[in-house]
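As you go down the protein sequences, you meet chains E and V in turn.
Residue numbers 10 to 360, in this note's numbering, belong to the letters of the first sequence in order.
Residue numbers 10 to 360, in this note's numbering, belong to the letters of the second sequence in order.
For every residue, glycine included, the Cβ atom is placed at its ideal position computed from N, Cα and C.
All values reported here derive from a predicted model rather than from experimental measurement.
There are 2 protein chains.
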Amino acid sequence: MDERKLRILRAIIDDYILTAVPVGSRTISRKYETSLSSATIRNEMSDLEELGYLDQPHVSAGRIPSAKAYRLYVDQLLASGAIRSDTEESIRHYFSSHLRQMERVIDEAAKALSSLTGYTAVVLEPGGHEPRIRNIQLVSVSSRSALVVIVTDAGLIRDHVVSVPRGVDPDTLYMISQALTEALMGCTPSEACDRIPILTARMEQNTDLLRSVGGLMTEARDKGSHGHIGIGGVSNMLSYPEYSDMEKARNFLSLVETRDRLAQIIRQRGDVAFTVRIGPETGVPEISDCSVVTATYTTSNGRQGTIGVIGPTRMQYSRVLSVLAGMGQQLSQLFDQQEDSNSTKGGGARE
Amino acid sequence: MDERKLRILRAIIDDYILTAVPVGSRTISRKYETSLSSATIRNEMSDLEELGYLDQPHVSAGRIPSAKAYRLYVDQLLASGAIRSDTEESIRHYFSSHLRQMERVIDEAAKALSSLTGYTAVVLEPGGHEPRIRNIQLVSVSSRSALVVIVTDAGLIRDHVVSVPRGVDPDTLYMISQALTEALMGCTPSEACDRIPILTARMEQNTDLLRSVGGLMTEARDKGSHGHIGIGGVSNMLSYPEYSDMEKARNFLSLVETRDRLAQIIRQRGDVAFTVRIGPETGVPEISDCSVVTATYTTSNGRQGTIGVIGPTRMQYSRVLSVLAGMGQQLSQLFDQQEDSNSTKGGGARE
DNA sequence: ATTAGCACTCAATCACTTCGAGTGCTAACA
DNA sequence: TGTTAGCACTCGAAGTGATTGAGTGCTAAT
Numbered sequence: 010m011d012e013r014k015l016r017i018l019r020a021i022i023d024d025y026i027l028t029a030v031p032v033g034s035r036t037i038s039r040k041y042e043t044s045l046s047s048a049t050i051r052n053e054m055s056d057l058e059e060l061g062y063l064d065q066p067h068v069s070a071g072r073i074p075s076a077k078a079y080r081l082y083v084d085q086l087l088a089s090g091a092i093r094s095d096t097e098e099s100i101r102h103y104f105s106s107h108l109r110q111m112e113r114v115i116d117e118a119a120k121a122l123s124s125l126t127g128y129t130a131v132v133l134e135p136g137g138h139e140p141r142i143r144n145i146q147l148v149s150v151s152s153r154s155a156l157v158v159i160v161t162d163a164g165l166i167r168d169h170v171v172s173v174p175r176g177v178d179p180d181t182l183y184m185i186s187q188a189l190t191e192a193l194m195g196c197t198p199s200e201a202c203d204r205i206p207i208l209t210a211r212m213e214q215n216t217d218l219l220r221s222v223g224g225l226m227t228e229a230r231d232k233g234s235h236g237h238i239g240i241g242g243v244s245n246m247l248s249y250p251e252y253s254d255m256e257k258a259r260n261f262l263s264l265v266e267t268r269d270r271l272a273q274i275i276r277q278r279g280d281v282a283f284t285v286r287i288g289p290e291t292g293v294p295e296i297s298d299c300s301v302v303t304a305t306y307t308t309s310n311g312r313q314g315t316i317g318v319i320g321p322t323r324m325q326y327s328r329v330l331s332v333l334a335g336m337g338q339q340l341s342q343l344f345d346q347q348e349d350s351n352s353t354k355g356g357g358a359r360e
Numbered sequence: 010m011d012e013r014k015l016r017i018l019r020a021i022i023d024d025y026i027l028t029a030v031p032v033g034s035r036t037i038s039r040k041y042e043t044s045l046s047s048a049t050i051r052n053e054m055s056d057l058e059e060l061g062y063l064d065q066p067h068v069s070a071g072r073i074p075s076a077k078a079y080r081l082y083v084d085q086l087l088a089s090g091a092i093r094s095d096t097e098e099s100i101r102h103y104f105s106s107h108l109r110q111m112e113r114v115i116d117e118a119a120k121a122l123s124s125l126t127g128y129t130a131v132v133l134e135p136g137g138h139e140p141r142i143r144n145i146q147l148v149s150v151s152s153r154s155a156l157v158v159i160v161t162d163a164g165l166i167r168d169h170v171v172s173v174p175r176g177v178d179p180d181t182l183y184m185i186s187q188a189l190t191e192a193l194m195g196c197t198p199s200e201a202c203d204r205i206p207i208l209t210a211r212m213e214q215n216t217d218l219l220r221s222v223g224g225l226m227t228e229a230r231d232k233g234s235h236g237h238i239g240i241g242g243v244s245n246m247l248s249y250p251e252y253s254d255m256e257k258a259r260n261f262l263s264l265v266e267t268r269d270r271l272a273q274i275i276r277q278r279g280d281v282a283f284t285v286r287i288g289p290e291t292g293v294p295e296i297s298d299c300s301v302v303t304a305t306y307t308t309s310n311g312r313q314g315t316i317g318v319i320g321p322t323r324m325q326y327s328r329v330l331s332v333l334a335g336m337g338q339q340l341s342q343l344f345d346q347q348e349d350s351n352s353t354k355g356g357g358a359r360e
């Protein structure tokens, strides 16, 4: 694999990313390799096709890069270490002064990502390991109902109203909460599911209440671990010619609609900074002509979240990567401030 | 306006709803009014066009119903009172056994609505009046941080972690919570925002903590009133020929992406059971060739939510209306059970 | 090794025709 | 007077070549 071949391949990819039109030998010879004639380029292209880096839609059209070509391109890009998160200011611009609610940060991040890249963006809430219960509270809502709040180290399991038997006052609720917290602290929801029946059996009163909590816990366990998902720029996809085919567009849309599957696709584990999956590498037939680029961000307590961009295979990888890098940093920072504001803000403002 | 004209107009609308193809005189004479010849139908159609009920895309095509025609059609439909919620069983089928988390109910409802109608569905959380605070709890998460949970009669204001000064144990947190609840019970968030600084000033300790709560309250106030929004079946729209135009499809999609605007469009106030807005009546240029049908559901404590369906103007109004009716009932029921489960379930399961 | 030249391919475009669904009008009819 | 049959007319959709031009592969010359 010649160095010149590489240059030509790179030129073809760049041009195709820009125009989405099969690129011919003449284009390359005029716009990129002015010292070579189109005939020479043709020969090289022929070789590149044989090597599997180029495809030809039909005999009298130009060439388009194959997934293998993009792979090479991206690997080179990653190896060169040329990904600077130079977009830091423009990213910061998207976060209004002081967002502190997790969900809003995530939504904003997705919006920013999609708007900066022009593709569809997905942001997942941090949550690496299985959540562990930290606190259970029954919060009185009215005389006859209460809200069960289960706090885990991954955040909060959502609201659920349960009915309260007659004669149980807020203080009793608090005591029950304390007992529950003590018994289940550190458990995962599924462990808690197993224990609650035992607890229920041991208690002679308030069994109804406990059963309700058990029900909620089961729901929490089955719900699937992903927290909030931020999605942005879905409509962007329709502006690319590869999605002028309605059938493809519908497939993509319905994939995005089933957030569970989307989360599964985006979620990235392990300690790599970036993942780039091109076309078939995604393993998802619906988006076999898309690429998925993901990156992670980390909070101070080690929980890991994923951000990702989905676009056509002829994606502006270098831009996407640098935006992802920048966004990852921003998010890590934001959540750091938020989660251990005791050490920084608390310390400073103390007294 | 002849009775026969009405029959013919109705036949045209029905056929066009089914096929999305301009319908000609011959079709009507063969499929609907077999006793009349196509020539007669032609005369009648000509009259109907002059009256503004029919449009003609070009001279040698059939006729298509105008917005005015749909209006007449729908008004008749509504007046006839023929909307039976006969789909009750099929709707119930969509709600898995015991969903009790508000957000999931709403999401499921949207999914069910879209799947039953084949259009795009939107479900808004109930929330008529401004929410009133019922309870404030500081839930310990770790030794140095706590979660602030603000419960209102409209549900829960989301999680927000605050730092806890050294030496404040869970019991102290509970006491502070009690004090806060007592002081702010029954307030709206904006009232609470005004009061918190006063409370803070009166306290000699834990001022940091209160300030954090104040910040969260401010965010809650500014957040905008709409709660969770359930959206389903967005991809359905792409399967209708009217959206084969990419530009239109993109417009629609980006409208759906900005949930705030969508909520604004769907939200329905007042005591009418149904609202049908056809084409330009929606007042939203992006969907000037769509219709929006909404209905309300009510919870036992009088809070009102909206469910809606967005589809092409040639929507299957009668089906949509009956599905909406059924879904409205189901939701009203579901939230009734949930909100005052004390009177029904609590009473039953007592002992 | 590179390049100029040439024959060849094939999608895209355009002009042209044909086809048929549909209309409007008129005249005949019950 | 309302209904119908018949006919001329319109116009989009679909089909048919012919033309164009971007692009290739191959060969022979540099």
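Residue from the options with nearest C-alpha to residue i
i, options, result
"residue 262/E", "135/E, 247/E, 276/E", "247/E"
"residue 277/V", "70/V, 241/V, 312/V", "312/V"
"residue 334/E", "152/E, 223/E, 98/E, 153/E", "98/E"
"residue 282/V", "141/V, 10/V, 241/V, 336/V", "336/V"
"residue 178/E", "45/E, 199/E, 201/E, 154/E", "154/E"
"residue 19/V", "81/V, 197/V, 71/V", "81/V"
"residue 201/V", "217/V, 176/V, 181/V, 159/V", "159/V"
"residue 55/V", "197/V, 147/V, 72/V, 43/V", "72/V"
"residue 322/E", "252/E, 46/E, 50/E", "252/E"
"residue 152/V", "144/V, 176/V, 68/V", "176/V"
"residue 51/V", "222/V, 204/V, 66/V, 35/V", "35/V"
"residue 230/V", "30/V, 219/V, 161/V, 12/V", "161/V"
"residue 275/E", "238/E, 216/E, 189/E", "238/E"
"residue 24/E", "74/E, 14/E, 59/E", "74/E"
"residue 268/E", "134/E, 198/E, 217/E", "134/E"
"residue 87/V", "326/V, 339/V, 340/V, 343/V", "326/V"
Straight-line Cα distance separating residue j from residue i
i, j, result
"residue 355/E", "residue 245/V", "Unreliable placement is indicated for residue 355/E, whose pLDDT of 34 sits below 50; the coordinate value is still reported in the next sentence. Spanning the two alpha carbons is a distance of roughly 50 Å."
"residue 27/E", "residue 94/V", "53 Å"
"residue 316/E", "residue 128/E", "13 Å"
"residue 264/E", "residue 121/V", "17 Å"
"residue 184/E", "residue 206/E", "19 Å"
"residue 211/E", "residue 186/E", "16 Å"
"residue 308/E", "residue 101/E", "18 Å"
"residue 365/V", "residue 172/E", "In this structure chain V extends from 10 to 360, so residue 365/V is not present and cannot be described."
"residue 286/V", "residue 33/V", "27 Å"
"residue 78/E", "residue 131/E", "26 Å"
"residue 142/E", "residue 224/E", "16 Å"
"residue 299/E", "residue 240/V", "25 Å"
"residue 156/E", "residue 147/E", "6 Å"
"residue 329/E", "residue 37/E", "25 Å"
"residue 242/E", "residue 49/V", "52 Å"
"residue 45/E", "residue 16/E", "12 Å"
"residue 90/E", "residue 331/E", "11 Å"
Residue i (DSSP reduced to helix, strand or coil)
i, result
"residue 177/E", "coil"
"residue 135/V", "coil"
"residue 209/E", "helix"
"residue 126/V", "helix"
"residue 108/V", "At residue 108/V, the pLDDT of 49 sits below 50, so the modelled position is not reliable and the matter cannot be decided from this model."
"residue 45/E", "coil"
"residue 114/V", "helix"
"residue 144/V", "strand"
"residue 151/E", "strand"
"residue 202/E", "helix"
Proximal residues, the segment 114–140 of chain E versus chain V, C-beta separation under 8 Å: Those residues of the segment 114–140 of chain E that come within reach of chain V (Cβ to Cβ, closer than 8 Å) do not exist; the list is empty.
Output needed in chain order: residues of the segment 266–289 of chain E with a Cβ under 8 Å from some Cβ in chain V. 266
For the segment 141–153 of chain V, enumerate the residues whose C-beta is nearer than 8 Å to any C-beta of chain E, in chain order. 143, 144, 146, 148, 149, 150, 151, 153
Let me know the beta strand (DSSP E) ranges lying completely inside the segment 305–355 of chain V, each 3 residues or longer, listed in chain order. 313–321
Report the residue ranges of all alpha helix (DSSP H) runs contained in full by the segment 244–283 of chain V; include only those spanning at least 4 residues, in chain order. 255–266, 268–275
Note down, in chain order, all residues in the segment 250–266 of chain V with a beta-carbon under 7 Å from any beta-carbon belonging to chain E. 253, 255, 258, 259, 262, 263, 266
Relative to chain E, which residues along the segment 183–210 of chain V have a C-beta separation below 7 Å, given in chain order? 183
Chain E contacts from the segment 295–312 of chain V (Cβ-Cβ distance under 9 Å): none
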